[in-house]
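Chains as they are written, first to last, in our numbering: chain A, 4 to 373; chain B, 4 to 373. Report on the following structure.
Right, here's the structure in full:
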């Protein structure tokens, strides 16, 4: 399968579509359209507190963005590419600015602690990227590395230490853990106020329930929604299909889409006709962890596709010996969808940006800084 | 609209379909088929620990129960009526037996405390019914009544008192509360081990997440699933639509159906074409709180319909001045569906039976009695 590096450069769905107050024909959207005069307005999405009260993005009669009729499987690319890298950079710049303001006013920087267990190459890469991202925005990070065969007590001790460390505002345990360690038990011990990954069941319960607000929204689903909002894609009233029901992505993504008043269906391994159900969706979140699962004929023409899959595929020609492949067959989907995230460069960078955002929020709460 | 009292007696879908290991033609199913030798187990739902591992109910090639082709809107009744009253009686009898065994072995009976605020007629009826049901199975109940204008502190004090009362194993606050009282705050104070209604966000989070188990399953959704299982209706792999997303019914019902491996879609007020989506479903849970919302043409022929609606409709000819009407237009649905719950006599009695079941479970845990 051809990777998407070049496609990413072809078309960019810009958050500034909305800033301009009207829809830009896709044919005119290039990276160049990204920079315009409207750079004073950076956040397009409502604040977390008002998640349930989205403003109308466009006049009611012009919400046909998702429904443009396109020829299925034509040779032409119909989809605008949602550039997660670029959007994440914008968010990180905002976070850096906030961190500077925080240091200036109260002399404190947010702190993130990462616990890494074992030698998994992909986990090491993810942790390294998170640490670099922290440094770039001024968040102070520390990493505790434990061996593959560490005991549960060792990891619980590390978590407990960070729980009481006032310089640490966020704690994350890089997943997956070796099989002998109980993720749930570790998550239960982690201080709720520092659970920047948002994996605790109390956070999931509060995310699910009306009238309640979670302390944090899990990073990947939060990043996906941010991509939609910044791309001017309306969620309310749309049919959304989430493929996969993991605790980390599929489940919270379905709950979050529902909070934004989408009509959500969750497709999983026991779903008998996943392609039929997915083909009904205006918005598809693919988070099954299966490379190329979602083919072009799974998609309704004009659907918006958020590909959460980051499946490492061995490839000796790549720098680290592997490359990342999404859950969506990109080459096919790009000819059916109206907008799509590439892999890499779509959801991945947003996950890290949301981790930084959650850590900043945690620090603001801890220091009562607004 | 004709009410369903007589229909209830015509056909009964019995949980013994499953016990007998084969499907019973509906024409032969009467109240008499209900009693057999399998009286050792209270609920047919798998235990909480094994929720994800349902046994096959029928051989794979005979799961056509939900898909019997019927003429839509013929004059003929196609649906078997799921007699919740009868099934609930059976469950209550088993609970009574367990309570007797508990008293005999450890000299303790389960205790349920109910807090009733204000003079709502329907709430008073519900509480009265719960108390009677407790008495019938040997659960000791106590009721604290507070005036409409009571303060939040008064209700929190009542809850806290029951939290530390060792004779109380379950606590429920009858909803809805007057507007000036914060349900969430009260729910947060209520001891998790005694939250037999299952409304705490930690319970909802644990219900939602893989690898976790809630202490209790909220009563109404638990009763709905029990009705399906006892009626021999397979859930795994089926398309389920939940209409409504309340914290008490719609949300936990969708999470519970998903735990049983249904493919779940949640329909709500912002869903643009609820009838179209509902018509795709093999199993429909109607929990919108809107009388007669679901018409016959919302249903796929052969669908299974669980009507959670209990909408009080003023009717001076009825004993209490009102009668209950479901969310489903019964007269139409009964000619399209393959199985349906009546209102009253469907889900309602099951909710109370599940409350008793949760209270018994809480007592068993508290006294470490198995």
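Backbone N, C-alpha and C define an ideal beta-carbon position, used for all residues, glycine too.
May I have the straight-line CA-CA distance separating residue i from residue j, to the nearest angstrom?
i                      : j                      : result
residue 289 of chain B : residue 271 of chain A : 23 Å
residue 68 of chain B  : residue 225 of chain B : With a pLDDT of 35 at residue 68 of chain B, under the threshold of 50, the modelled position of that residue is not reliable, and the figure given next carries that caveat. Rounded to whole angstroms, residue 68 of chain B to residue 225 of chain B spans 22 Å at the Cα level.
residue 239 of chain B : residue 160 of chain B : 44 Å
residue 348 of chain B : residue 79 of chain B  : 22 Å
residue 132 of chain B : residue 143 of chain B : 14 Å
residue 29 of chain A  : residue 304 of chain A : For residue 29 of chain A, the pLDDT reaches just 34, beneath the cut-off of 50, and the residue's location in the model is therefore unreliable, although a value from the coordinates is still provided. Taking the straight line joining both Cα atoms gives about 15 Å.
residue 339 of chain A : residue 286 of chain A : 13 Å
residue 128 of chain A : residue 136 of chain A : 12 Å
residue 362 of chain A : residue 172 of chain A : 6 Å
residue 188 of chain A : residue 147 of chain A : 18 Å
residue 371 of chain B : residue 97 of chain B  : 19 Å
residue 60 of chain A  : residue 319 of chain B : For residue 60 of chain A, the pLDDT reaches just 27, beneath the cut-off of 50, and the residue's location in the model is therefore unreliable, although a value from the coordinates is still provided. Rounded to whole angstroms, residue 60 of chain A to residue 319 of chain B spans 49 Å at the Cα level.
residue 331 of chain B : residue 314 of chain B : 11 Å
residue 103 of chain A : residue 367 of chain A : 13 Å
residue 302 of chain A : residue 278 of chain B : 22 Å
residue 134 of chain A : residue 350 of chain A : 18 Å
residue 33 of chain A  : residue 283 of chain A : In this prediction, residue 33 of chain A scores a pLDDT of 32, lower than 50, which makes its location untrustworthy; the coordinate-derived value is nonetheless stated afterwards. Those two C-alpha atoms are separated by around 29 Å.
residue 44 of chain B  : residue 360 of chain B : 12 Å
residue 232 of chain A : residue 213 of chain A : 21 Å
residue 182 of chain A : residue 190 of chain A : 15 Å
residue 275 of chain B : residue 262 of chain B : 26 Å
residue 170 of chain B : residue 329 of chain A : 56 Å
residue 369 of chain B : residue 48 of chain B  : 22 Å
Give me the Cβ distance between residue i and residue j, rounded to the nearest whole Å; I'm assuming they're in contact under 8 Å.
i                      : j                      : result
residue 317 of chain B : residue 324 of chain B : 7 Å
residue 94 of chain B  : residue 342 of chain B : Actually they do not touch by this definition, with Cβ atoms about 18 Å apart.
residue 206 of chain A : residue 218 of chain A : 6 Å
residue 250 of chain B : residue 202 of chain B : 7 Å
residue 112 of chain B : residue 141 of chain B : 6 Å
residue 197 of chain B : residue 174 of chain B : 5 Å
residue 227 of chain A : residue 311 of chain A : 7 Å
residue 108 of chain B : residue 264 of chain A : Residue 108 of chain B to residue 264 of chain A, Cβ: 52 Å. No contact.
Run the CB neighbour count on residue i, radius 10 Å, all protein chains shown included, and call it buried at 16 or more, exposed below.
i                      : result
residue 179 of chain A : exposed
residue 229 of chain B : buried
residue 321 of chain B : exposed
residue 62 of chain A  : Residue placement at residue 62 of chain A cannot be trusted, given a pLDDT of 27 that sits under 50; the coordinates are not used to answer.
residue 81 of chain A  : buried
residue 248 of chain A : buried
residue 72 of chain A  : With a pLDDT of 37 at residue 72 of chain A, under the threshold of 50, the predicted position of this residue should be treated as unreliable, though the coordinate-derived value follows. Flag for residue 72 of chain A reads exposed.
residue 122 of chain A : exposed
residue 163 of chain A : exposed
residue 354 of chain A : buried
residue 110 of chain B : exposed
Is the CB-CB distance between residue i and residue j below 8 Å?
i                      : j                      : result
residue 234 of chain B : residue 85 of chain B  : yes
residue 327 of chain B : residue 346 of chain B : yes
residue 130 of chain B : residue 117 of chain B : yes
residue 100 of chain B : residue 177 of chain B : no
residue 281 of chain A : residue 246 of chain A : yes
residue 208 of chain B : residue 204 of chain A : yes
residue 269 of chain A : residue 266 of chain B : yes
residue 195 of chain A : residue 155 of chain A : no
residue 83 of chain A  : residue 352 of chain A : no
residue 254 of chain B : residue 243 of chain B : no
residue 199 of chain B : residue 358 of chain B : yes
For residue i, decide whether its Cβ has a neighbour in chain D, counting only Cβ atoms nearer than 8 Å.
i                      : result
residue 268 of chain A : No chain D appears in the structure shown, which is made up of the protein chains A and B.
Counting only C-beta atoms, is residue i closer than 8 Å to chain A at any point?
i                      : result
residue 282 of chain B : no
residue 274 of chain B : yes
residue 212 of chain B : yes
residue 204 of chain B : yes
residue 261 of chain B : yes
residue 361 of chain B : no
residue 250 of chain B : yes
residue 254 of chain B : yes
residue 240 of chain B : yes
residue 292 of chain B : no
residue 264 of chain B : yes
Indicate whether at least one CB of chain B lies closer than 8 Å to the CB of residue i.
i                      : result
residue 182 of chain A : no
residue 316 of chain A : no
residue 207 of chain A : yes
residue 215 of chain A : yes
residue 187 of chain A : yes
residue 278 of chain A : no
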